[in-house]
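Take a look at the structure below.
In the working numbering, the protein residues as written are 996 to 1133.
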């Protein structure tokens, strides 16, 4: 099973929420945190990283909130992944999951297949826009 880190998963939730509000209204983090049962402090940390990367921005004040800096069709999932993991890695076995490497790489036939499929998966989602990602549910 492909697993993303909690940061990546919650960042996708935040981006999805912001994309739904794109050009409609500013979205307070407290609203996202409450709706998705995510720690507001954790969400603020993610938002800070995404803001630093230029993916989102914010307006302060009573009627403030966050927004995507670009149209969802121009924001790539790969860019969001890169904010939290410069070298995305999807482990294919428990050893690789714990260490990020596996001493059996040279002779593990199934591992070669999984690495190839993981590479193809990462390539596909890296090129996918937030808009494309959101349309997958339909």
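Even glycine gets a Cβ: it sits at the ideal position worked out from N, Cα and C. The structure displayed is predicted, hence computed values, not measured ones.
Check each candidate in the options and name the one with the smallest Cα separation from residue i.
i	options	result
residue 1061	1119, 1073, 1021	1021
residue 1000	1129, 1105, 1078	1078
residue 1025	1018, 1037, 1019, 1015	1037
residue 1065	1057, 1053, 1058	1053
residue 1035	1046, 1045, 1023	1023
residue 1125	1131, 1067, 1033, 1099	1067
residue 1002	1019, 1018, 1043	1043
residue 1046	1029, 1080, 1006	1006
How would you call residue i, buried or exposed, if buried means at least 16 neighbouring beta carbons within 10 angstroms?
i	result
residue 1010	buried
residue 1101	exposed
residue 1112	exposed
residue 1108	exposed
residue 1041	buried
residue 1013	buried
residue 1128	buried
Since residue i contacts residue j with CB under 8 Å, what's their CB separation in whole angstroms?
i	j	result
residue 1008	residue 1073	Not quite, the Cβ-Cβ distance comes to about 17 Å (not below 8 Å), so this is no contact.
residue 1051	residue 1063	6 Å
Three or more C-beta pairs under 8 Å: does that hold for the region 1062-1071 against the region 1112-1129? yes
Just list the beta strand (DSSP E) runs in the region 1039-1080, keeping only unbroken ones of 3 residues or longer that don't cross its boundaries, in chain order. 1051-1054, 1060-1063
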